[in-house]
Each structure stands twice: as structure tokens, then as C-alpha cells.
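Notes follow the structure.
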Amino acid sequence: MDLVELGLTERGNKYALVVIDHFTKFLGAYPVPDKSARTVARMFFERWICEGCRWPKVVHSDQGPEFVNGVLCEICEITGIKQTMTKGYNPRENGMTERAIGTITRMLRKKTVIPADWDLLLPMVAFAYNSSPHDAIGESPFYMLHAFDPNQPSDVIPADQLALHHMDLDDYKHELLAAIKLGQECAKEINEKYTQKMKETYDRRNKVDESRLPRVGDRVYVKLPREKTSRQYPKLCDPWGGPYRVIETSNNSALLASINENIDPIRVQHDMLIVLPPEIDDTPVQTKTRRKSRQKLVKIARVNRICFRSRPGSDGDTSSLSIFFKCPNQRRVEGIDYDFDCSVRNMVFKDVVPEVEDSIGRLTFSNIFELARLISIFECERNADKKRFRMKDRTFLFITVTGIQKAFTFFKRHCDHVCRSLALHDGSPVMLPYAETTEIPIEQLNDLNSEGIKFAMTHSWSDVLVKEATQKILVLLPEGFRSLPAMVVPEDTVAYGIYQRFSEIPDMINRAEPRSIVFVGPTHELPLHRASWMKLAMTFAKSALAGAKVVVVAPPRGEQAWNQARMDAREMAEVARGSAMSMKHNIVCMIPLVESTTEPFQSMGLHPRSSATDTYPQIAMVDFMNCLREFVRAEVEVPEVRLAKKNDSRSNRNPRHGRHHSNDDISQRTRDGGVTKASHVRKTFRRNPLNCVVPNMSNNTNPNLMLSSVMPHLMYPQSLSFMNSPVVPFISTNRGRGFRSRTRRGRGGYPY
Numbered sequence: 001m002d003l004v005e006l007g008l009t010e011r012g013n014k015y016a017l018v019v020i021d022h023f024t025k026f027l028g029a030y031p032v033p034d035k036s037a038r039t040v041a042r043m044f045f046e047r048w049i050c051e052g053c054r055w056p057k058v059v060h061s062d063q064g065p066e067f068v069n070g071v072l073c074e075i076c077e078i079t080g081i082k083q084t085m086t087k088g089y090n091p092r093e094n095g096m097t098e099r100a101i102g103t104i105t106r107m108l109r110k111k112t113v114i115p116a117d118w119d120l121l122l123p124m125v126a127f128a129y130n131s132s133p134h135d136a137i138g139e140s141p142f143y144m145l146h147a148f149d150p151n152q153p154s155d156v157i158p159a160d161q162l163a164l165h166h167m168d169l170d171d172y173k174h175e176l177l178a179a180i181k182l183g184q185e186c187a188k189e190i191n192e193k194y195t196q197k198m199k200e201t202y203d204r205r206n207k208v209d210e211s212r213l214p215r216v217g218d219r220v221y222v223k224l225p226r227e228k229t230s231r232q233y234p235k236l237c238d239p240w241g242g243p244y245r246v247i248e249t250s251n252n253s254a255l256l257a258s259i260n261e262n263i264d265p266i267r268v269q270h271d272m273l274i275v276l277p278p279e280i281d282d283t284p285v286q287t288k289t290r291r292k293s294r295q296k297l298v299k300i301a302r303v304n305r306i307c308f309r310s311r312p313g314s315d316g317d318t319s320s321l322s323i324f325f326k327c328p329n330q331r332r333v334e335g336i337d338y339d340f341d342c343s344v345r346n347m348v349f350k351d352v353v354p355e356v357e358d359s360i361g362r363l364t365f366s367n368i369f370e371l372a373r374l375i376s377i378f379e380c381e382r383n384a385d386k387k388r389f390r391m392k393d394r395t396f397l398f399i400t401v402t403g404i405q406k407a408f409t410f411f412k413r414h415c416d417h418v419c420r421s422l423a424l425h426d427g428s429p430v431m432l433p434y435a436e437t438t439e440i441p442i443e444q445l446n447d448l449n450s451e452g453i454k455f456a457m458t459h460s461w462s463d464v465l466v467k468e469a470t471q472k473i474l475v476l477l478p479e480g481f482r483s484l485p486a487m488v489v490p491e492d493t494v495a496y497g498i499y500q501r502f503s504e505i506p507d508m509i510n511r512a513e514p515r516s517i518v519f520v521g522p523t524h525e526l527p528l529h530r531a532s533w534m535k536l537a538m539t540f541a542k543s544a545l546a547g548a549k550v551v552v553v554a555p556p557r558g559e560q561a562w563n564q565a566r567m568d569a570r571e572m573a574e575v576a577r578g579s580a581m582s583m584k585h586n587i588v589c590m591i592p593l594v595e596s597t598t599e600p601f602q603s604m605g606l607h608p609r610s611s612a613t614d615t616y617p618q619i620a621m622v623d624f625m626n627c628l629r630e631f632v633r634a635e636v637e638v639p640e641v642r643l644a645k646k647n648d649s650r651s652n653r654n655p656r657h658g659r660h661h662s663n664d665d666i667s668q669r670t671r672d673g674g675v676t677k678a679s680h681v682r683k684t685f686r687r688n689p690l691n692c693v694v695p696n697m698s699n700n701t702n703p704n705l706m707l708s709s710v711m712p713h714l715m716y717p718q719s720l721s722f723m724n725s726p727v728v729p730f731i732s733t734n735r736g737r738g739f740r741s742r743t744r745r746g747r748g749g750y751p752y
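Reminder that position 226 of the sequence shown reads as 226 in the UniProt record's numbering, one-by-one numbering, no gaps.
Take a look at the structure:
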């Protein structure tokens with residue numbers, strides 16, 4: 001059944017509820033004032049079931065709220081009727097009702113004189129439909145339902161009517177039932193041929209190739225019909241979502257499971273799917289709309305048998321080589337001839353780090369996992385308030401590989417159960433039977449557990465030192481910043497790594513051994529391959545597991561692949577977080593989906609350099625580093641960039657060429673024509689593109705004061721303000737002087 005809107009009538013009816021029997025093709029059309037759940041359920045039960053004496057076995061409809069609701073579902077459950085729904089955006093699945101709606105709509109259009117009276121003609125149209133022969137069954141729907149043709153005014157009354165004395169009643173009933181059965185068999189045969197003919201016609205018209213249909217295990221994209229209508233630029237959006245994995249197929253649809261999300265499977269028809277080739281990876285397509293699974297009916301669960309997975313012991317995992325092992329603090333264990341002497345049960349964190357403050361030193365731990373969390377936070381977190389809060393919050397997951405290793409070694413020293421198990425262990429990987437925390441995948445927990453066992457087998461607690469790590473920062477910059485390390489004052493706490501390829505970054509991290517990494521995205525004309533980004537994600541995941549904080553920042557603009565590099569950097573950070581769930585808080589992506597005015601690249605403008613192979617100007621790099629320092633201040637304390645001073649005197653140095661000249665040399669060269677007085681004696685004011693004069697910039701000038709060559713030319717003086725640095729222009733009547741800068745050898749600033 002389905003609803004069709006035909007317009008408001010004088011009697012207040014606006015919709016028509018159309019119900020059709022799939023076998024007999026008998027049609028019922030009832031006008032209703034609205035399509036609320038109660039109205040549809042009442043009309044269906046009173047008119048179709050009670051009045052027509054037609055009790056269906058299955059009710060098939062779309063997923064509209066007027067059909068999928070508590071009222072109709074309750075009626076179907078009480079009466080024993082099964083309720084099925086179509087898939088989304090697939091009206092062909094209820095094609096018989098759609099075809100019947102089209103037929104009665106054409107009949108109403110032809111016979112209705114006053115459009116507001118269509119509800120008066122609707123019963124007559126339904127009678128005409130049921131009385132006419134149907135191509136799919138070879139008879140009229142009325143005959144298939146009642147086993148006799150309807151009496152119509154145009155029929156000719158036969159002369160020889162059936163009399164009671166011609167045959168007895170039992171023979172008549174037998175003949176009638178036999179005729180009905182024969183008619184149903186004939187109608188079924190005709191219906192199957194009709195259906196097969198329609199299928200062949202559809203396949204031929206749409207060029208259906210069964211070899212190209214999705215199979216179990218294939219990856220597919222799903223078409224989203226509402227995606228274009230929800231976008232501001234519909235012609236530029238991608239109407240496909242996914243990817244999904246095919247887990248079941250039928251003749252016309254497939255059951256799909258999302259690869260990147262933990263959601264219920266959905267069933268989608270084949271013409272809404274496209275099979276992905278192996279060259280396309282599992283990167284999720286970002287869309288605003290999505291295909292929803294069918295609404296689940298709430299039913300009362302009746303359980304006959306309950307099975308629980310056995311979990312040995314009542315105090316967690318009893319394996320001594322598990323990070324969730326809790327020491328039983330027993331001197332004797334049944335079946336083991338060993339005198340255990342354990343003291344770890346009553347210890348606190350001050351026993352691990354004696355010099356720690358009392359508020360943290362009183363924290364307790366019951367297993368290796370909890371101690372590793374405390375050690376990891378204590379070593380990696382520099383802020384005292386954050387450290388105290390995170391160590392006291394037992395739900396805050398922060399586990400490094402070194403934290404697990406040191407915790408295992410501590411338990412080896414103070415728990416004989418762990419010490420004995422490590423002594424008897426052969427070094428093979430240990431698999432945990434279950435994960436007590438659901439945020440970290442069991443595979444990553446197994447890796448952490450194995451690393452701790454390997455370290456504890458070869459080290460003792462006297463070899464381990466738990467202390468706050470030195471704050472070493474590694475700033476990874478693209479090759480456009482290659483001249484920056486030479487022009488800044490070296491700092492002990494910060495190192496600059498200039499990379500040209502991602503493969504160079506692991507060596508930089510190994511040499512620097514940083515506790516914080518600030519990664520600025522690449523600047524290339526062409527997008528980088530996805531495999532390079534995935535390798536970089538694994539590198540950052542390993543660094544995070546080692547205790548380093550990774551902060552990802554968008555690169556400077558100017559190259560064609562900037563937008564793609566920005567999105568790839570976001571995705572890389574998410575992959576790294578998923579690969580290091582125990583240290584996901586240490587991988588921070590500071591690239592929002594929408595560009596922010598506070599991002600560092602905004603300080604460099606649109607085109608900070610002329611080509612992708614050039615270095616950025618000095619003032620541009622200083623601006624970027626200062627903005628970067630403020631942008632990541634909440635995560636990493638990057639020191640202020642200080643430019644290296646020249647060894648020679650500024651007063652005896654030519655600001656343009658950098659050569660020493662005495663006053664006599666300058667006078668002699670001026671007389672010989674080597675240099676003009678105008679080029680030697682510089683004015684302290686210069687003209688900018690806004691037709692106003694500003695003071696010449698020196699080393700102590702605010703680096704945020706930038707003048708853009710793409711700003712509009714204003715033929716009148718204005719007061720300018722850049723980054724809270726006001727500049728009051730000086731009016732100049734001499735328009736012949738050029739715009740020069742001592743910072744870039746006479747050229748005006750750097751272009752945006």
C-alpha cells in the first residue's frame with residue numbers, strides 16, 4: 001500500500017490510500033484527510049480488512065512514517081500480519097502500487113470535471129479498475145477475488161438462468177472450488193510470464209550485465225540521491241558515499257557493511273552501487289547525507305537460554321604476564337611449589353618515584369596497566385596542573401611503550417608472580433584473552449604487552465629511571481624554509497627539520513629524540529601519493545607511543561595542491577590516532593575543516609613566493625614562525641624565533657650589498673660614478689601601493705605589519721591597522737619615488 005497526494009477537496013480530503021492485492025490485483029482506494037499514523041491505520045483496518053473481508057498475510061509499504069509506526073505495527077502484531085518495507089529510494093520495489101496509482105490518476109484526470117471533487121469519483125474509478133481485465137492475470141481482479149464477474153448495467157441477462165434443480169448444492173460447490181483453483185493456476189502462470197517479460201525489457205533497456213554486479217567481499221560506493229539537494233553547489237559535489245563491504249547479495253540488492261564506521265548494515269539495490277577497483281583505497285568519502293538502515297521494530301525479547309563466556313578467576317586476568325594481572329598477595333599457590341613474597345599490593349606511586357609530591361605520590365595502582373598510565377603521564381606531561389588532573393582521572397588513557405616497559409620491570413622487582421613467569425617465559429608473544437578497556441583495540445594491547453615483556457626479561461628495576469623527560473621540540477618544515485635554520489639563533493630545546501620527502505622525517509625524529517613534534521604540511525604543486533601519507537601516519541603513531549606529542553598544522557599557501565595537502569594532513573592525523581589509541585591524546589590535528597583566520601598560513605598571504613622551488617623571504621618565515629608559536633601555544637611551548645646578529649658593525653655596512661665602506665671610500669666612489677648619491681643616501685620613508693608613505697622597516701619593526709601588492713590602489717590617504725599595529729600614513733606629493741625595502745634588496749616586501 002501507498003499514499004498519493006491529489007489535492008484538497010471540499011470535504012477536507014487531501015490524500016488517497018491505495019491498497020492492492022499482489023495476486024488478484026484487486027484495488028482499494030480510500031480518500032483520507034491526512035497521512036497521520038492513526039488515520040492510515042484506521043482506514044486500512046476498517047475499509048480493507050473489516051469492510052472488504054480481506055485479511056492479508058503480509059503488508060508491504062515504503063519506509064514512510066505513516067506506515068512504519070507504533071500504531072500500525074501494533075495492529076499487525078495483534079492480527080498476525082507480517083510487515084515488510086522497501087529499501088530507500090527504490091520505488092520499483094513497490095512497483096505494483098506505483099503502477100496502480102498512475103492508472104487511477106490518469107482515470108481521474110480524464111473523468112474529473114471539478115478537481116476538488118476527485119474524492120467523489122474515486123470509488124467509481126476503483127470499481128472500473130477492478131472490473132477490467134488485467135494483462136498480468138488474464139482476468140479482472142473482481143473475478144479473481146470472487147470467482148464471478150460483476151453485474152453491470154450493460155450486461156445482457158441470459159435467458160437460461162441456472163435453476164436449483166439442474167444440480168445439487170454439493171456439486172455446485174465442488175465445481176466452483178475447482179473452477180477457482182483452475183483460475184488461480186492460470187492467473188499465476190500468466191503473471192509469471194508477464195513478470196519475466198517485464199524483467200527482460202528492463203534489463204535490455206538498462207543494459208544490465210550480471211557479471212558486473214557486486215559480489216560478496218567487493219567494496220562499493222552507494223549513491224546518495226539527496227546529497228546534491230543539500231549542497232550549495234550541487235553540480236560540484238560528489239553524490240557517492242562509502243566505501244562499504246558487500247556481505248550478502250540477492251537478485252536485485254546487496255547487504256552492505258560500512259568499512260570505516262561501526263553502524264548497522266544496510267540493504268541497497270544494485271543500480272545504486274558502483275564496484276570499486278583495487279586501485280582505490282578505503283578512504284571515507286565525506287558527505288552531508290547518508291543512507292539509513294530500516295527502522296527496527298521494538299519487540300519483547302524472550303530468552304530461553306543464556307550463555308556466558310567463561311572468564312577464569314574473580315579478580316581479572318590470572319595470567320602473570322598480562323598487563324591487567326592483579327597480584328593475589330598469597331605466599332602459596334595451589335599446584336605450584338614456590339614461596340611467593342610480594343609487596344606490590346600495598347604500594348603507591350611514591351614508592352615508584354620517591355621525589356614526587358604528596359598529592360600524586362598517594363595514588364594507588366592494582367595492575368601493570370594502571371602503573372604504566374601513571375608513569376606515562378608523569379614523564380610526558382610538563383604542565384603540573386594537567387599532570388595532577390590526568391593522573392588522578394583513571395578514565396584518561398595515556399599509555400606509552402616506555403611506560404609499559406618500566407611498569408613491567410617494577411612488577412618484576414616487587415611481585416614474585418610476575419618475576420617467576422618472566423623467568424620461565426620463552427620470549428614468544430603473549431595474547432590477552434580479552435580487553436578490559438574498550439577504547440584500545442585488542443591488537444594494540446597485545447603489542448604493548450609484548451613490548452613490556454621483552455624489556456622486563458632483559459632489564460632490572462635498578463637500570464630504570466623514572467623522571468620527567470627533557471622538553472625537546474622538533475619543528476618539521478617543508479623545503480621552502482630551508483634557509484631558516486641558518487638565520488636563527490640555535491636553541492637547545494628546539495630543532496628545525498627541513499624535509500623534502502616524507503621518507504626523511506623518521507631519521508630526523510631518531511636524531512633529535514623529541515618530546516614534541518610540530519609538523520607543518522608539505523608544499524607541492526601536485527598531490528602526494530596516499531602511500532606516503534600512510535607511512536608518515538605510522539611514523540607519528542610510533543613517536544606518540546614513545547611519548548612524543550605530535551601537532552599537525554596546515555602548510556603555507558601558494559601551490560595548486562594546497563587544499564588537497566590540507567585534507568590529506570587531517571586524514572593522516574586521524575589514521576595515526578587510530579593506530580595509537582593508547583596515546584590518541586598526544587596526536588593533535590590543528591587543521592579545521594573550515595579555514596580559520598588564526599592559522600599560521602594566513603600571515604604569509606596567498607602567494608608568498610614566486611615558484612615552488614624558491615625559499616620563502618626572511619620576513620615571511622619570521623611571520624609564519626611567530627604565528628605558529630601563538631597557534632600551538634596551548635599544546636606546545638615553542639620558543640620565540642630570534643634572528644642571528646651580524647658580526648660586523650651596522651654603521652659601517654652597506655644595507656644593500658653588505659660590504660664595508662668608510663666615508664672616504666663612499667665619497668671617492670661617488671665622484672667616480674660608482675654609486676649615486678640618491679642610492680647611498682636613502683630617505684626614511686617609502687611609498688606603498690596604497691599611494692601613501694610609511695616609515696622604512698628595520699629589524700625591530702613589527703613583523704606582522706605587512707603591505708600587500710594585491711590590495712586596491714586608493715588615491716587618498718587612509719589610516720591602516722594590521723594585527724593591532726596602527727600605521728598612520730604620511731602624505732607625499734612626490735609620486736615618482738619607488739617602493740623599496742632594505743629587507744629584500746630594494747624590492748617591495750614579498751608578494752602575497
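Cβ coordinates follow ideal geometry from the N, Cα and C atoms, glycine included.
Just so it is clear, the structure is predicted and the values come from calculations on it, not from any experiment.
Mind checking whether residue 604 and residue 556 have CB atoms under 9 Å apart?
-> yes
What alpha helix (DSSP H) runs, 4 residues minimum, are completely inside the segment 62–147?
-> 70–79, 95–111, 118–131 and 141–146
Thinking C-alpha only, which one of 219, 433, 144 and 31 is nearest residue 133?
-> Nearest to residue 133 by alpha-carbon distance, out of 219, 433, 144 and 31, is 144.
Proximity winner among 73, 104 and 529, relative to residue 17 (alpha-carbon distances) = Ranking 73, 104 and 529 by Cα distance to residue 17 puts 104 first.
Would you tell me roughly how many angstroms separate the C-alpha atoms of residue 206 and residue 287, rounded to the nearest one?
-> If you take the alpha carbons of residue 206 and residue 287, they lie about 28 Å apart.
Mark residue 124 as exposed unless 16 or more other C-beta atoms lie within 10 angstroms of its C-beta, in which case mark it buried.
-> Answer is exposed; the Cβ neighbour count stays below 16.
In terms of alpha-carbon separation, which member of 618, 606, 627 and 583 lies closest to residue 599?
-> If we check each option's Cα against that of residue 599, 627 comes out closest.
CA-CA distance, residue 71 and residue 84?
-> Approximately 15 Å, taken between the alpha carbons.
Check the C-beta distance from residue 373 over to residue 399 and give it rounded, since I have them as a contact under 8 Å.
-> 6 Å
Is the beta carbon of residue 404 less than 9 Å from the beta carbon of residue 449?
-> yes
Can the beta-carbon of residue 787 be found less than 9 Å from the beta-carbon of residue 640?
-> Only positions 1 to 752 of the chain appear in this structure, which leaves residue 787 out of reach.
Where residue 566 and residue 592 are concerned, what is the direct C-alpha to C-alpha distance, given to the nearest angstrom?
-> 9 Å
Which residues in the same chain have their Cβ closer than 6 Å to the Cβ of residue 778, if we skip the five residues on either side of it in sequence?
-> This structure cannot settle anything about residue 778, because the visible part of the chain is limited to 1 through 752.
Assuming residue 275 and residue 214 form a contact by the criterion Cβ under 8 Å, report the distance between their Cβ atoms to the nearest whole angstrom.
-> The C-beta distance from residue 275 to residue 214 rounds to 6 Å, short enough to fall under 8 Å.
Inter-residue Cα distance where the pair is residue 544 and residue 532 | 19 Å
Buried or exposed (CB count within 10 angstroms, at least 16 for buried), residue 13 | buried
Give the straight-line distance between the Cα atoms of residue 537 and residue 585, rounded to the nearest whole angstrom.
-> 15 Å
Same chain, Cβ closer than 8 Å to residue 425, neighbours up to 5 away in sequence not counted = Closer than 8 Å at Cβ, skipping near neighbours: 321, 453 and 457.
Counted within 10 angstroms of its Cβ, other Cβ atoms place residue 11 as buried (16 or more) or exposed = exposed
Residue 18, DSSP secondary structure in three states = strand
Candidates 141, 81, 118 and 264: which alpha carbon is nearest residue 757's?
-> Within the shown structure, residues of the chain are numbered from 1 to 752, placing residue 757 beyond reach of any answer.
Measure the CB-CB distance between residue 769 and residue 644 and report whether it falls below 9 Å.
-> Residue numbering for the chain in the displayed model covers 1 to 752; residue 769 lies beyond these limits and cannot be assessed.
Can you grab the Cα-Cα spacing for the pair residue 418 / residue 348, in whole Å?
-> So the two alpha carbons sit approximately 18 Å from each other.
Got a sec? Which residues, its chain only, sit under 7 Å from residue 194 by beta carbon, not counting five neighbours each side?
-> 135 and 136
Are the Cβ atoms of residue 324 and residue 367 separated by less than 9 Å?
-> yes
Find out if the Cβ-Cβ distance for the pair residue 550, residue 575 is shorter than 9 Å.
-> no
From the DSSP output, in three-state form, read off residue 258 for me.
-> strand
Counting along the chain, where does the alpha helix (DSSP H) carrying residue 2 start and finish?
-> Counting along the chain, residue 2 falls outside any alpha helix (DSSP H), though it belongs to the beta strand (DSSP E) covering 2–5.
Alpha carbon to alpha carbon, how far is residue 219 from residue 441?
-> 24 Å
In three-state DSSP terms, what is residue 452?
-> helix
Exposure label - residue 116; buried when at least 16 CB within 10 Å | With fewer than 16 Cβ atoms within 10 Å of its Cβ, residue 116 is classed as exposed.
Hey, would you say residue 497 sits closer than 9 Å to residue 616, going by beta carbons?
-> no
Extent of the continuous alpha helix (DSSP H) to which residue 401 belongs = According to the DSSP assignment, residue 401 belongs to the alpha helix (DSSP H) that extends over 401–414.
Residue 102 classed as buried or exposed, judged by whether at least 16 other C-beta atoms fall within 10 angstroms | exposed
Assigned secondary structure, residue 622 (DSSP; H/G/I helix, E/B strand, else coil) = Taken through DSSP and simplified to helix, strand or coil, residue 622 comes out as helix.
With a 10 Å radius around its C-beta and 16 neighbouring C-beta atoms as the bar for buried, classify residue 548 as buried or exposed.
-> buried
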